[in-house]
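One structure below.
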Amino acid sequence: MRLVDLLKGVKHEIKGNPNVDISGVCYDSRKAKPKYLFIAIKGFKTDGLLYVEEAMKNGAVAVVTDRDISEYPGVTVVLVEDARAAMAKIASNFYNNPTSKLTLIGITGTNGKTSVTYMLKAILEQQNNKVGLVGTIQNMIGDRVIPTTHTTPESLDLQELFSLMVNEGVKYVVMEVSSHSLALHRVDSCDFDIAVFTNLSQDHLDFHESMEEYAKTKSKLFKMAKKASVINIDDKYSSMMIESSKGKVLTYGIKDFAYVMAKEIKNSLSGVKFKVQIQDKKEEISLKIPGLFSVYNALAAITVADFLGIPLRSVREALSHVTVKGRFEPVETGRDFYVFIDYAHTPDGIRNIMEALKEYEAGRKILVFGAGGDRDKSKRPLMGEVAGKYADFCILTSDNPRSENPKEIIAQIEEGIKKTNCPYVVIEDRREAIRYALSNAQKDDVIILAGKGHETYQIIGDKVIPFDEREIVKEILAESEK
Numbered sequence: 001m002r003l004v005d006l007l008k009g010v011k012h013e014i015k016g017n018p019n020v021d022i023s024g025v026c027y028d029s030r031k032a033k034p035k036y037l038f039i040a041i042k043g044f045k046t047d048g049l050l051y052v053e054e055a056m057k058n059g060a061v062a063v064v065t066d067r068d069i070s071e072y073p074g075v076t077v078v079l080v081e082d083a084r085a086a087m088a089k090i091a092s093n094f095y096n097n098p099t100s101k102l103t104l105i106g107i108t109g110t111n112g113k114t115s116v117t118y119m120l121k122a123i124l125e126q127q128n129n130k131v132g133l134v135g136t137i138q139n140m141i142g143d144r145v146i147p148t149t150h151t152t153p154e155s156l157d158l159q160e161l162f163s164l165m166v167n168e169g170v171k172y173v174v175m176e177v178s179s180h181s182l183a184l185h186r187v188d189s190c191d192f193d194i195a196v197f198t199n200l201s202q203d204h205l206d207f208h209e210s211m212e213e214y215a216k217t218k219s220k221l222f223k224m225a226k227k228a229s230v231i232n233i234d235d236k237y238s239s240m241m242i243e244s245s246k247g248k249v250l251t252y253g254i255k256d257f258a259y260v261m262a263k264e265i266k267n268s269l270s271g272v273k274f275k276v277q278i279q280d281k282k283e284e285i286s287l288k289i290p291g292l293f294s295v296y297n298a299l300a301a302i303t304v305a306d307f308l309g310i311p312l313r314s315v316r317e318a319l320s321h322v323t324v325k326g327r328f329e330p331v332e333t334g335r336d337f338y339v340f341i342d343y344a345h346t347p348d349g350i351r352n353i354m355e356a357l358k359e360y361e362a363g364r365k366i367l368v369f370g371a372g373g374d375r376d377k378s379k380r381p382l383m384g385e386v387a388g389k390y391a392d393f394c395i396l397t398s399d400n401p402r403s404e405n406p407k408e409i410i411a412q413i414e415e416g417i418k419k420t421n422c423p424y425v426v427i428e429d430r431r432e433a434i435r436y437a438l439s440n441a442q443k444d445d446v447i448i449l450a451g452k453g454h455e456t457y458q459i460i461g462d463k464v465i466p467f468d469e470r471e472i473v474k475e476i477l478a479e480s481e482k
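40 is the number that full-length UniProt numbering gives to position 40 of the sequence shown; each next residue is one higher, with no gaps.
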C-alpha cells in the first residue's frame with residue numbers, strides 16, 4: 001500500500017516520497033521490518049522519537065511524528081498534528097476499515113463494563129452469532145481467547161484485532177471502552193453502532209483533571225455511536241450522555257422511569273431475581289451474580305438486545321447462565337463460611353459489593369482490600385470510609401502497589417476507615433491478610449477479597465508476581481488441614 005493512501009483523512013505534511021510502498025505499520029521500533037511505517041507516539045514511560053533510528057535499522061522507510069525531527073537519509077517523514085489520532089486513522093486505512101463490516105457495541109462507565117460485555121456476548125451467541133469481545137479480562141473471537149494488556153488496546157492493535165474478527169466471520173463485537181482509550185484516540189475511526197453507559201463514580205482522577213472532565217471524556221463515545229445510545233437513567237451523569245447522543249436514546253433504570261425497568265428485585269448470596277418490564281412486555285430474569293449492580297448490568301444488556309430485536313425469552317435463557325471471572329466470584333472452601341473474589345477497586349465498587357450483602361444477616365461481612373499504587377490517591381480514604389460503613393470487619397492490605405510504598409497507601413485508606421466505628425487490622429502482605437481472614441472466619445461469615453478480581457498477579461515495584469487468589473485460598477485451607 002502506498003504511504004499517501006494510508007494517510008487518507010489525516011492532515012499532514014510530507015518530507016520525502018509520498019508514494020513509498022508500505023508493507024506494515026508499527027509504533028514499537030522492535031517490531032519494525034523492511035518497508036514498514038513507524039509511528040512515533042509519546043507514551044507514559046517513554047517517547048517513540050527516541051527509537052526512530054532503531055526502527056530505521058530494522059527496515060522502516062517512513063516515520064509519522066507530531067514533532068519536528070531531523071531528516072533521515074532515505075526515510076520519508078510525515079508531520080501530523082497528533083500522532084495518536086493519526087495512528088487511529090492510519091490503522092483503520094491499513095486494515096481496510098474493519099469496523100464498517102461489524103456491528104460494534106461499545107460499553108463505557110466506571111463499573112460494570114466487563115459484566116455487560118459478557119452478558120451481551122451470551123445473549124448474542126444464544127442467537128447463533130459469532131461474537132468478538134474486547135475487554136479487561138481478555139479479548140475473544142468466539143470461544144478463542146486472545147490475551148490483553150489494556151482494557152482497550154492501542155488503535156493499531158485494535159484495528160488489527162477487528163480485521164482478524166472480520167476474517168473469521170464475526171458479526172457482532174462487544175467492547176469495553178475506557179476513558180483512557182477515548183482521551184488517547186485509541187477508538188478514533190471505530191465505527192460504533194451502539195454505545196452503552198453504565199455509571200460514573202470516582203476513578204482515574206490521576207489521569208483526568210476532575211469528575212466533570214472524566215464524564216466529558218466518556219460522553220465522546222455517544223457522539224460516535226450512529227444507531228443507538230443505551231443509558232442508565234438513574235446515574236446523575238446520564239443527562240450529559242443523552243445530550244451527546246447521536247443515535248436513538250434508550251434508557252434503563254430501577255428508580256426513575258425508563259424504557260427498560262426492573263421490578264420486584266429479590267437478592268440472595270446465590271444470585272438475584274427480578275422482573276424486567278419493556279413497555280407491555282414482562283419477563284422474570286434470574287442471575288447467578290447477586291447484587292443491585294448486577295440488575296443494572298443486566299438491564300443494560302437487555303436494552304441492547306431489545307434494540308437488536310432479540311426475543312426477551314431468549315435473553316432470559318442466556319442471562320441465567322452468565323458468570324464473570326472476578327465479579328462476585330465464589331470460591332469453593334468446603335467450610336461453613338463463604339469466600340468471594342471481586343474486582344471492586346473504587347469507593348463505588350466497594351459500596352456495590354457490600355450492598356449486595358446487605359440483606360445477609362447470618363454471619364459477619366469481612367472485607368480484605370487495598371488500593372493500587374501510581375493511581376488516583378484521592379479515592380483511598382473514600383474507599384476506607386465506605387468499607388468501614390458497610391463491613392463488620394476490615395483487613396487492610398496491599399493491592400498492586402507498583403512504585404509506591406504499600407505502607408503509605410494503607411495509611412491513606414486508614415484516614416477514611418478511622419471515621420467509622422468498624423474494627424480493622426493492617427496486614428501488608430496480601431497472602432498473610434487472606435490467611436488471617438480464613439483462619440479467623442466463623443460459621444456463616446462472608447469474606448470478600450476485593451481489588452484483584454480476574455487478575456492472577458501482583459505488581460510490586462517493577463516486578464509482576466504470580467498471585468491468583470483462587471489458588472491462594474485453596475493452598476491456605478489445605479495447609480490448615482495438615
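Every residue, glycine too, gets a C-beta built ideally from N, C-alpha and C.
Predicted model, so just to flag it, every value in this text is computed and none were measured.
Leaving aside the five residues before and after residue i along the sequence, list all residues of the same chain whose C-beta is less than 6 Å from its C-beta, in chain order.
i: Ile278; result: Val260, Asp306
i: His208; result: Residue confidence is low: His208 scores 45 on pLDDT, short of 50, so the model does not pin down where it sits. No coordinate-derived value is stated.
i: Lys218; result: Thr108, Ser179
i: Val78; result: His12, Ile14, Val64
i: Lys101; result: Val166
Closest to residue i by CA distance: which of the options is it?
i: Lys121; options: Ile302, Gly363, Lys255, Ile460; result: Ile302
i: Lys275; options: Val315, Val249, Glu243, Met240; result: Val315
i: Thr110; options: Glu176, Pro147, Glu415; result: Glu176
i: Ser238; options: Ala258, Gly48, Phe337; result: Ala258
i: Asn97; options: Val61, Leu161, Ile146; result: Leu161
i: Pro381; options: Met56, Ser155, Ile350; result: Ile350
i: Leu200; options: Leu184, Phe192, Asp234, Asp188; result: Asp234
i: Ala300; options: Asn232, Ile353, Ile465; result: Asn232
i: Arg313; options: Leu158, Val295, Glu284, Gly74; result: Glu284
i: Val170; options: Ala344, Asp143, Ser403; result: Asp143
i: Glu317; options: Arg67, Lys288, Val324; result: Lys288
i: Asp82; options: Asn19, Lys365, His185; result: His185
i: Val446; options: Glu168, Ile341, Tyr95, Asn297; result: Ile341
i: Tyr172; options: Ser244, Thr99, Ser179, Ser219; result: Thr99
i: Thr148; options: His454, Ser403, Glu332, Ile476; result: His454
DSSP has residue i in a bridge; who is on the other side?
i: Lys273; result: Lys266, Ser286
i: Tyr457; result: Pro466
i: Phe38; result: Cys26, Val63
i: Leu104; result: Val173, Phe192
i: Glu355; result: The partner list for Glu355 (beta bridge, DSSP) is empty, contrary to what the question assumes.
i: Gly253; result: Met261
i: Phe197; result: Thr108, Ile231
i: Gly132; result: Ile141, Val173
i: Tyr118; result: BP columns for Tyr118 are empty, so no partner.
i: Leu396; result: Phe369, Val426
Beta carbon of residue i: closer than 7 Å to some heavy atom of the ligand GTP?
i: Lys31; result: The ligand GTP is absent from the structure shown, which contains no ligand whatsoever.
In its own chain, which residues sit with a C-beta less than 8 Å from the C-beta of residue i, not counting the 5 before and 5 after it?
i: Ile472; result: Arg431, Ile434
Taking the alpha helix (DSSP H) that residue i falls in, what are its first and last residues?
i: Asn167; result: 155-167
i: Asp5; result: 3-6
i: Ile434; result: 430-439
i: Tyr343; result: Looking at the DSSP string, Tyr343 is not in any alpha helix (DSSP H), and its letter there is neither H nor E.
i: Arg409; result: The question names Arg, yet the displayed sequence has Ile at residue 409. Residues 406-417.
i: Leu382; result: 379-390
i: Lys33; result: No alpha helix (DSSP H) contains Lys33, which DSSP labels as neither H nor E.
Please state whether DSSP places residue i in a helix, a strand or coil.
i: His180; result: helix
i: His208; result: Low confidence applies to His208: its pLDDT is 45, below 50, so where it sits in the model is not reliable enough to give any reading.
i: Leu308; result: coil
i: Val295; result: helix
i: Thr76; result: strand
i: Tyr95; result: coil
i: Phe222; result: helix
i: Arg335; result: coil
i: Ala478; result: helix
i: Arg402; result: strand
i: Glu213; result: helix
i: residue 485; result: Residue 485 is absent from the structure shown; the chain starts at 1 and stops at 482.
i: Lys246; result: coil
i: Ile69; result: coil
i: Lys45; result: coil
Leaving out the 5 sequence neighbours to the left and right, which residues in its chain are closer than 7 Å to residue i when beta-carbon positions are compared?
i: Ala228; result: Ile194, Gly247, Lys248, Leu250, Phe307
i: Thr114; result: Gly135, Thr136, Ile137, Glu176, Val324, Arg327
i: Ala40; result: Gly48, Leu49, Val52, Val63, Val64, Thr65, Ala83
i: Arg67; result: Leu49
Please list the terminal residues of the continuous beta strand (DSSP E) segment that includes residue i.
i: Leu449; result: 446-450
i: Ile231; result: 228-232
i: Lys15; result: 12-15
i: Lys365; result: 365-369
i: Val425; result: 424-426
Under 8 Å between C-beta atoms, does residue i make it to chain B?
i: Thr217; result: Of the chains in the structure shown, none is chain B; there is only one protein chain.
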